[in-house]
Amino acid sequence: MTIYTSLSGLQAAQTDLSVISHNLANV
Numbered sequence: 000m001t002i003y004t005s006l007s008g009l010q011a012a013q014t015d016l017s018v019i020s021h022n023l024a025n026v
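Going by numbering that gives the first Met the number 0, 3 is the number at position 4 of the sequence shown; the sequence numbering is gapless.
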């Protein structure tokens with residue numbers, strides 16, 4: 000359960016980074 004939580008947390012962090020860099024590229 001802990002491994003799954005950290006994995007999904009990591010995935011969420013990657014998604015956030017992608018969204019942020021995408022927004023910066025659009026500015």
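Beta carbons: idealized from backbone N, C-alpha and C, even for Gly. Remember, predicted model here, so these are calculated numbers, not experimental data.
Rounded to whole angstroms, what's the CA-CA distance from residue i to residue j? Just pull it up for me.
{"i": "Thr14", "j": "Ser20", "result": "10 Å"}
{"i": "Gly8", "j": "Ala24", "result": "24 Å"}
{"i": "Gln10", "j": "Tyr3", "result": "11 Å"}
{"i": "Ala12", "j": "Val26", "result": "21 Å"}
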